[in-house]
Every structure is written in structure tokens, then in C-alpha cells.
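*Asks:* Counting from 519, one number per residue, gives the positions in the sequence shown under our numbering. No residue lacks a Cβ here, since even glycine has one placed at the ideal position from N, Cα and C. In this text, all values refer to a predicted model and were calculated from it rather than measured experimentally.
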Amino acid sequence: MQNQNTSRIANIPINLFGAVMGFSGLTLGFQAANHQIGISINVFYSLALFTTTIFAILTIAYFTKLLKNSSQVIAEFNHPVLLHFFPTFSISLLLLSLIFRDIAFDLAQIMWVIGAVVQFGLLIYILSNWIHHEKWQITDMNPAWFIPVVGAIVIPLGAVHFANVELGWFFFSIGLVFWIILSSIVMYRLFFHPPLLKLLEPTLFILIAPPSLGFLSYMSLNGMAGVDEFARILYYTGLFLTLLLLSQIVRFINVPFSIAWWAYTFPLGAITLATFVMYQQLGLAFYSYVAMFLLSILSALIFHLTLKTLTAIKNKKLCLPLPLPPKAD
Numbered sequence: 519m520q521n522q523n524t525s526r527i528a529n530i531p532i533n534l535f536g537a538v539m540g541f542s543g544l545t546l547g548f549q550a551a552n553h554q555i556g557i558s559i560n561v562f563y564s565l566a567l568f569t570t571t572i573f574a575i576l577t578i579a580y581f582t583k584l585l586k587n588s589s590q591v592i593a594e595f596n597h598p599v600l601l602h603f604f605p606t607f608s609i610s611l612l613l614l615s616l617i618f619r620d621i622a623f624d625l626a627q628i629m630w631v632i633g634a635v636v637q638f639g640l641l642i643y644i645l646s647n648w649i650h651h652e653k654w655q656i657t658d659m660n661p662a663w664f665i666p667v668v669g670a671i672v673i674p675l676g677a678v679h680f681a682n683v684e685l686g687w688f689f690f691s692i693g694l695v696f697w698i699i700l701s702s703i704v705m706y707r708l709f710f711h712p713p714l715l716k717l718l719e720p721t722l723f724i725l726i727a728p729p730s731l732g733f734l735s736y737m738s739l740n741g742m743a744g745v746d747e748f749a750r751i752l753y754y755t756g757l758f759l760t761l762l763l764l765s766q767i768v769r770f771i772n773v774p775f776s777i778a779w780w781a782y783t784f785p786l787g788a789i790t791l792a793t794f795v796m797y798q799q800l801g802l803a804f805y806s807y808v809a810m811f812l813l814s815i816l817s818a819l820i821f822h823l824t825l826k827t828l829t830a831i832k833n834k835k836l837c838l839p840l841p842l843p844p845k846a847d
């Protein structure tokens, strides 16, 4: 039994922190729903406790893996896909800081500082890895490469509360510029090269996150002083990508279940939060309907993925040996 548990910890994947991001998006979504349309605050508190518990369990498990099976962590760091999921840990911390901002400000500030420092370190490492590489091919590129950039755009959401607004603008600028660069490369890869590996198709939803979070960060940095033209460009880009991907829902349903399915959740949470902000700023009922529709989809999706993940854990199909680097179909 002990050997089995040790084996599971050795094979726990870094991208499981994507589940924490998904639950964080859902938690913040219900907080916004409480503020905007009066849904009970108890839903937010319950989800905050659950999300924090999941994060704590995963952090302890992965830290144990780092201490006892460092070679496995190094292998993930050298993997063309899993490398880009390491920032999911720091992004989870940044999101938890937003959740705890009104509950325990000092704790939230500590979370934000640690998350921002780790995120910046990972961003420097990964960008240096891209520049001075000897292995990357265009077919290695997939939307998971956006995750380090997503982390840079998340930082300003807390910077306006826990640090200086100029630090927020610094990270916002980095995230925005590299989002545009990576968007061009990803679209080129998708349009003119073999399709993504089937199991990686859920990562297409990550495309929604940069413009949606960009809108939220831009609004926060400007003190929620109104929706200007640039804010509209960011929001409607995120909304269009959401509609584009939801129109292909049948294709995504047919993708075999894996941890990659959690990539559906946080981007949907980001566009949901952005839509609540549009409702708050413009006061048009249309946005409240869209926000509640998206929040309902996100809630149902996370409930479904939680059951799927628990079933995979029960059947010992979750923590498996590291797969070989994926090749395009």
C-alpha cells in the first residue's frame, strides 16, 4: 500500500493545479454574482474553503514529490507541454489572494507576493527557454504556451490592492505584448500545420483567457472608471472566442477525458467575471443574463469534471507515469 501511495505521489502531474484555477474562477464568479445580482454569499465562502483545501492538498503532495522524486519533476520541466503548466501553481496563489482579499487581507497579500515572485521567475525561465532552445518545433506549440502569459496578466488584479499600480502596469504590458505575439504563432500553427493531438484540444479554451483577463486587469488598473474603446476590444475578443469554441462543443465532448479537460474551466471563469464587470459598468440587463448563463455552464462543467476526476482517482488512472512528448496527428 505504501509503495502504491509513493508511486502515485511520484506521478502526480503539475497540470492538476489547473483544477485549482478552475475552482478559483468559479469562486470569484459567485462572489461577483453576490455583488451584482444578490446570490447568497455563503456559496462564495463554501467554494473558497473547498478551493483552498484542494490547493493545500496538491501543494503538499507536489512538494513531497519534489523532495522524494526530483527526477520526475525535472522530467516534467523538460516536457514540451507540461513545462508550461508550472505557472498554474503561481496563478493559483494569485487567484487565492483575490479570494481572500476581503476575508484575510494580510494572508491574501502574502499569497499575492509569493505568487507574483514565483510567476515572474517562471516567466523569465520559460521565455529564456523559448529563445535559447535546441528542441522546439512549430508542432510543439499549443495554447498551453499562453499559461505563463496568463499569469503575467493576472498579477495586476492583485497589484492594485497589495502593491503599487505601476507594478501592475509592468506585468500588464508584458502579458499584453506577448499575448499578441503568441496569438500569431498559435494561429499559424493551427492553420497551416497538422491538427493538435486530440488530448490537447481542450487547451484551445486557454485562448479565451488572455483577452478576458486583459479586460479585467485593464479595468482594475484604471480604477473601474468606465468601459472605453480598448476595454471593449479586449472584452469582445474574449466573448467572440468563447462563442467560437462553444459552437464546436460536440467536437470537444468527443475528446477522451484527461486532466487537460480542466483547461475548459478557468478561461470560462475569466469571461464570466469580465461579463459581470460589463454589467456593473454599463448596467445593461443583457450582460447579467450572459454572465449567469456562463456561470451556470461553468458550475455544471466543474461538477462534471470533479466527478470524472474522482472516478479516475478511484480507478487509479489519474497519477500515471509521465507520457512521452506528444506528436501531432
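Assuming contact is defined by CB atoms lying nearer than 9 Å, are Ser735 and Pro674 in contact in what I supplied?
*Replies:* Position 217 of the sequence shown, counted from the start, is the residue given in the question as residue 735. Position 156 of the sequence shown, counted from the start, is the residue given in the question as residue 674. Against a cut-off of 9 Å, the Cβ pair of Pro674 and Ser735 comes out as a contact.
*Asks:* Taking all protein chains shown into account, do 16 or more other C-beta atoms lie within 10 angstroms of the C-beta of Gly639, making it buried, or fewer, making it exposed?
*Replies:* In the sequence shown, residue 639 corresponds to position 121, counting from 1. Burial call: exposed.
*Asks:* Residue range of the alpha helix (DSSP H) that Tyr782 falls in?
*Replies:* Position 264 of the sequence shown, counted from the first residue, corresponds to residue 782. Careful: Tyr782 lies outside any alpha helix (DSSP H) and carries neither H nor E.
*Asks:* Compare the beta carbon distance of Ile726 and Leu786 with 9 Å and say whether it is the shorter of the two.
*Replies:* Sequence index remark: in the sequence shown, residue 726 carries index 208 (1-based). Sequence index remark: in the sequence shown, residue 786 carries index 268 (1-based). Yes, the pair counts as a contact, with Cβ atoms nearer than the cut-off.
*Asks:* Can you give me the C-alpha to C-alpha distance between Ile703 and Leu544, rounded to a whole angstrom?
*Replies:* Position 185 of the sequence shown holds residue 703. Position 26 of the sequence shown holds residue 544. Approximately 30 Å between the Cα atoms of the pair.
*Asks:* Quick one: does the C-beta of Met742 sit closer than 8 Å to a heavy atom of the ligand GDP?
*Replies:* In the structure shown, the ligand GDP is absent, as is every other ligand, since no ligand is present at all.
*Asks:* Can you give me the C-alpha to C-alpha distance between Phe733 and Ile555, rounded to a whole angstrom?
*Replies:* The sequence position of residue 733 within the sequence shown is 215, counting from 1. The sequence position of residue 555 within the sequence shown is 37, counting from 1. Answer to the nearest angstrom: the Cα atoms are 21 Å apart.
*Asks:* Quick one: is His822 buried, meaning 16 or more other Cβ sit within 10 Å of its Cβ, or exposed?
*Replies:* Locating residue 822 in the sequence shown gives position 304, counting from the first residue. That one is exposed.
*Asks:* Quick one: which unbroken alpha helix (DSSP H) runs of 4-plus residues sit fully inside the segment 555-595? Chain order, please.
*Replies:* As far as the segment 555-595 is concerned, its whole alpha helix (DSSP H) runs of at least 4 residues are 559-586 and 588-595.
*Asks:* Using three-state DSSP, classify Ile671 as helix, strand or coil.
*Replies:* For this step, residue 671 is matched to residue 153 along the sequence shown. Helix.
*Asks:* Please report how far the alpha carbon of Ile572 lies from the alpha carbon of Leu616, in whole angstroms.
*Replies:* Along the sequence shown, one-based indexing puts residue 572 at 54. Along the sequence shown, one-based indexing puts residue 616 at 98. Distance between the alpha carbons of Ile572 and Leu616: 16 Å.
*Asks:* Provide the residue span of the alpha helix (DSSP H) that contains Ala626, from first to last.
*Replies:* For the purposes of this step, residue 626 is taken as the residue at position 108 of the sequence shown. Counting along the chain, the alpha helix (DSSP H) containing Ala626 begins and ends at Phe623 to Ile649.
*Asks:* Which of helix, strand or coil does DSSP assign to Pro720?
*Replies:* Here residue 720 refers to the residue found at position 202 when the sequence shown is read from its first residue. Looking at Pro720 - three-state DSSP - the assignment turns out to be helix.
*Asks:* With burial defined as no fewer than 16 other Cβ atoms inside 10 Å of the residue's Cβ, what is the status of Gln766: buried or exposed?
*Replies:* Within the sequence shown, numbered from 1, the residue matching residue 766 stands at position 248. The residue in question, Gln766, is exposed, as its Cβ has fewer than 16 Cβ neighbours within 10 Å.
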